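So the structure is just underneath, and the comments pick up after that.
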Amino acid sequence: MRKKIVAGNWKMNLDYEEGLTLFSEVVNMVNDEITGQQHVIVCSPFIHLHSLVTLGKASTKLSVGAQNAHQAESGAYTGEISAKMIRSVGAEYVILGHSERRQYFGETNELLAKKVDIALKHALVPIFCIGETLQEREAEIHFDVIKRQLTAGIFHLDASEFAKLVIAYEPVWAIGTGVTASSAQAQEIHIFIRNEIAAKYGQSIADGTTILYGGSCNPKNAAELFGQADIDGGLIGGASLKSRDFVDIARVFN
Ligand code: 13P
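Structure below.
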């Protein structure tokens with residue numbers, strides 16, 4: 066059975082103390098309340114990573130991740146953070162290709178392919194984000210957009226590397242808007258993604274790939290979304306900033 070995951074993306078929120086307080090609450094709730102096989106991940110700003118890894122060490126149900134990494138190994142890139150640095154503090158995951166990075170920082174599929182390579186090289190698991198904008202959906206090119214994001218972003222990997230990835234489908238029009246994709250809309254894209262993976266890497270790798278849904282996911286709609294055959298969990302923005310809501314979403318898999 067493929068892994069079920071609920072991952073929080075704190076984005077650029079919470080100062081150091083606030084982050085530690087929230088994470089400590091999450092650790093306690095996860096330890097007390099998560100009874101299934103699901104895995105919980107918190108993707109924090111860089112400044113929190115090392116402390117969160119230390120706080121979460123005792124829990125096998127919980128991991129920590131970053132939200133970005135630079136594509137180069139090291140060098141004169143003032144202000145950037147490398148995959149090796151992230152791994153060196155004990156983080157295990159990194160979100161790559163989030164639509165906010167694509168939109169505000171000009172990250173292209175081709176650049177993201179390099180980021181995926183360097184993350185894997187340093188034993189970080191990429192949570193690779195894809196998804197169409199509202200205009201693309203209205204123009205009915207959403208399947209083409211997603212196929213292109215897969216092809217140019219991650220389909221250069223060989224099968225053994227590809228099998229390590231987590232994919233997150235996040236329709237841009239559902240992020241932070243309160244408008245979630247319906248479970249049928251999300252499932253339609255998730256099965257499309259899985260079929261594309263099967264065509265490229267074979268059914269067994271496709272069946273083993275965890276594909277998360279993200280976009281206005283909350284404790285009220287999570288069960289319905291995660292109940293779909295090809296939705297293996299969620300990438301949670303706003304609701305991951307409240308420990309109760311975040312862990313309630315993760316509890317759907319109990
Ligand atoms: P919201 O859950 O706030 O819509 O954000 C989703 C997201 O972008 C997670 O990466």
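Each position in the sequence shown, counted from 1, maps to that position plus 65 in this note's numbering. Every residue gets a Cβ at the ideal spot worked out from N, C-alpha and C, and that includes glycine. Computed from a predicted structure; not experimentally measured.
- Non-local beta-carbon contacts of PHE227 in its own chain, meaning distances under 7 Å to residues more than five positions away in sequence, involve ILE219, TYR266 and ILE270 in chain order.
- In this structure, ILE240 has its beta carbon less than 7 Å from a heavy atom of the ligand 13P.
- HIS115 carries a helical assignment under DSSP once its states are collapsed to helix, strand and coil.
- Taken atom to atom, the span from the alpha-carbon of VAL237 to that of ARG202 is near 10 Å.
- ILE195 is positioned such that its CB atom lies closer than 8 Å to that of LEU215.
- Our two residues, THR274 and TYR142, have alpha carbons roughly 33 Å apart in a direct line.
- Placement of the Cβ of ILE301 at a distance of less than 7 Å from at least one heavy atom of the ligand 13P is found.
- ILE258 and ASP97 have their C-alpha atoms some 34 Å from each other.
- For ASN133, the shortest separation between its Cβ and any heavy atom of the ligand 13P does not lie below 7 Å.
- Rounded to the nearest whole angstrom, the C-alpha separation of ILE206 and ASP223 is 27 Å.
- The continuous beta strand (DSSP E) containing ASN74 extends over residues 70 to 74.
- At least one heavy atom of the ligand 13P sits closer than 7 Å to the Cβ of ASN74.
- Counting C-beta pairs with one atom in each stretch, the region 172 to 181 and the region 244 to 263 have fewer than three that are closer than 8 Å, which means they do not touch.
- In this structure, GLY101 sits away from ASN286, with a CB-CB distance that is not shorter than 8 Å.
- Excluding sequence positions up to five before and after CYS282, its CB lies within less than 7 Å of the CB of THR245, LEU290, GLY299, ILE301, ALA304 and ILE314, all in the same chain and listed in chain order.
- Under the three-state reduction of DSSP, HIS221 is assigned to coil, being neither helix nor strand.
- Taking a 10 Å sphere around the C-beta of GLU83, we find fewer than 16 other C-beta atoms and assign the residue as exposed.
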